[in-house]
Each structure stands twice: as C-alpha cells, then as structure tokens.
Amino acid sequence: MLGWIRRFIHNAQVNVKLRKRGELSAREFCEAENTVLRFVQEESFSVDQDSRIKDFRAYTDRDNLIRIKTLITQRDDDINFREPVVLNPKHPVVMSLISHYHEKLQHVGVQTVLNEIREKFWILQGRKSVRMIVNKCITCKRYKASHVNAEPAALPKDRVGNAVPFEISGVDFAGPVYLKENQKGWICLFTCAVYRAVHLELVTSLSTDAFLEVLRRFIARRGRPTIIYSDNGTNFTGARNYLCKVNWNKIKKYSSVHKIEWRFNPPSAAWWGG
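Read in full-length UniProt numbering, the sequence shown has 14 at position 14, and its numbers run on one by one without any break.
And the structure:
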C-alpha cells in the first residue's frame, strides 16, 4: 500500500510524460520497505543515545537506516545479511513482521522463524519476541492443544471371566476373496473373547444355511460356545432365530450340550465388535 502512495505522490509532482504506470517495480517495493523501517527506527531509538544498540557497533547507512556491523562484514553477500537492520521488538510493525514470517513459513517453530528473520533484520531480544508471537498464534494453539484423556473403561465381564478357549466367542465376516472359476468366497472369523484366539473358516455364500454349516464345523473343532457376539447381519439373525427354535432343555436332559446364547451388538455401533 505504501508503494502505491509513494507512486501517487511522485506522479503528482512530475510531468505527465514522466509518470510511472503499471505494476510496482522491485525498486519501489524496496523504497517503500525502507520508509517503513525508518519510521520504526525513528520511533524506537537513536544510534547515538540508545543504550540497547550501542554495544552492536551500530551505524546509519545512506538510506538513513540503522544497521549493525557483524563479524561477517567482509563476506561477499547481501548487505542485509552482513549488516542487518536493527529493530525494536516491542513496536507493532515489528510484531506484525514476526507474525508474517511465522504464517509465511507455515507456522513453524521459533528457531526457524528467527533464522529466516535474521537473513534481513536483527530484532533485539529476537528469540524472546518470536516465542511470544508464536505462543499467541491461534492456529498453533489449536493444533498443539492437548487431547482429552478419557479414563479407560473396565473390560466387560465376558472378557475377564474364567472360561475355556472359544467358550465366549465373537463372529464376523471378512471379504470377499476371489476363488477359482470366478467364484467369490468370504472368511468367517471366530474370535475368543477371553484369550483372543482366532479360528477361520471359508464360506462361499452369505446365506443363513451356509453360516450354520460353518458354525457346525467350528463347534466340531473348538467345542460348543456358550455365548456368541455378532453384528446384526441377516445371516447371523437367521442363525439366531434357528437356534431359538431348538428345544435346548430337551437336549440338555439327554446329553451334556448346553444352550448357545446369541448376543447382538447395537445397530450402527461398529466399535462394539472390538
């Protein structure tokens, strides 16, 4: 904005043919920046009087900017790097400058912002000033905020009770997997709730009858579970309805078989499956 103001003043003072037009040049940008820096330094300190900069071997250059002489003055490099412009950290313009660099560098840390600023400027108490601006950044606060640590809930009774493997089981399907002859298959996964053991069965259909066959094979290998957990899939619901029709009291009377209790996870609550 200051560059355009300076151009307007220039064009108002010269002949029409000598007026500048088009976009601002690099020189105009540089002159506008020097004007702002002079304003900041005039409001902050004097090279002869201010005790904050007299130990830095400060001097005034041809643009009336106060610079400090560093140990690399003889280095073949840009003058802003060899002899940076000294700035007061408490000036609002300097604070805005630090915020600009912090946002320009994608909200990096204090050291990176300070290194970038020192390529051109020397801010008194630079690290302290940059840290203050970074700590006040709302965006950084949002991403660095500590998460709420919820107290872990106790494990359910069916996870910690004494039981034989697969006495309390969970079941679900994974897939599909592709078999030979363009046929689909699914993996039926049984998990022991207490010992976390896993039993896998392959099935070529998601029907209730196919799942009942898988359940029979599972029982033949691992024994009959007392409780089975599952989601609300239609095949599981069908199996549960089928098992409800069985007269378990009659079976128990003549054998050692016990009833299988089927428990469904709440609908739309996938995390209940563990």
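All C-beta atoms in this analysis are idealised placements derived from N, C-alpha and C, irrespective of residue type, glycine included.
Remember, it's a predicted structure, so these values are computed and weren't measured experimentally.
Taking the beta carbon of residue i as the centre, do at least 16 other beta carbons fall within 10 Å, making it buried, or is it exposed?
i	result
ASP63	exposed
CYS192	buried
ASN135	exposed
SER169	buried
HIS147	exposed
ILE260	buried
ILE79	exposed
SER255	Reliability of the predicted coordinates at SER255 is poor, the pLDDT of 41 falling under 50, and the value obtained from them is presented with this limitation in mind. Burial call: exposed.
THR204	exposed
ILE72	exposed
SER129	buried
PRO225	buried
CYS30	exposed
VAL198	exposed
LEU155	exposed
Quick one: Cα of residue i to Cα of residue j, how far?
i	j	result
VAL16	ILE53	45 Å
ARG75	PHE81	9 Å
VAL108	GLY126	16 Å
LEU202	VAL214	8 Å
GLN13	ARG19	9 Å
SER230	ARG159	15 Å
LYS104	PRO152	41 Å
ARG142	TYR101	19 Å
ASP61	ARG21	30 Å
ILE68	SER25	28 Å
PRO176	LEU206	10 Å
ASP209	ARG196	27 Å
GLY39	PRO92	The identity of residue 39 in the sequence shown is Phe, whereas the question assumes Gly. Roughly 12 Å separates the two Cα atoms.
LYS157	VAL194	10 Å
When you compare the CB positions of residue i and residue j, do they come within less than 9 Å of one another, or not?
i	j	result
GLN106	ILE66	no
VAL171	ILE228	yes
PRO89	THR70	no
residue 275	ALA58	The requested residue 275 does not occur in the structure, where the chain is confined to residues 1 to 274.
CYS137	SER99	yes
PHE166	PHE218	yes
ARG216	PHE190	no
According to DSSP, what are the bridge partners of residue i?
i	result
LEU200	LEU189
GLY170	THR191 and TYR229
ARG264	The identity of residue 264 in the sequence shown is Phe, whereas the question assumes Arg. SER230.
LYS184	TYR178
LEU87	ILE123
| request: Just list the alpha helix (DSSP H) runs in the stretch 38 to 71, keeping only unbroken ones of 4 residues or longer that don't cross its boundaries, in chain order. | output: Complete alpha helix (DSSP H) runs here, min 4: none at all.
| message | Threshold first: 3 residues or longer. Then list the beta strand (DSSP E) segments lying entirely within the stretch 100 to 154, N to C. | response | Complete beta strand (DSSP E) runs here, min 3: 121 to 123.
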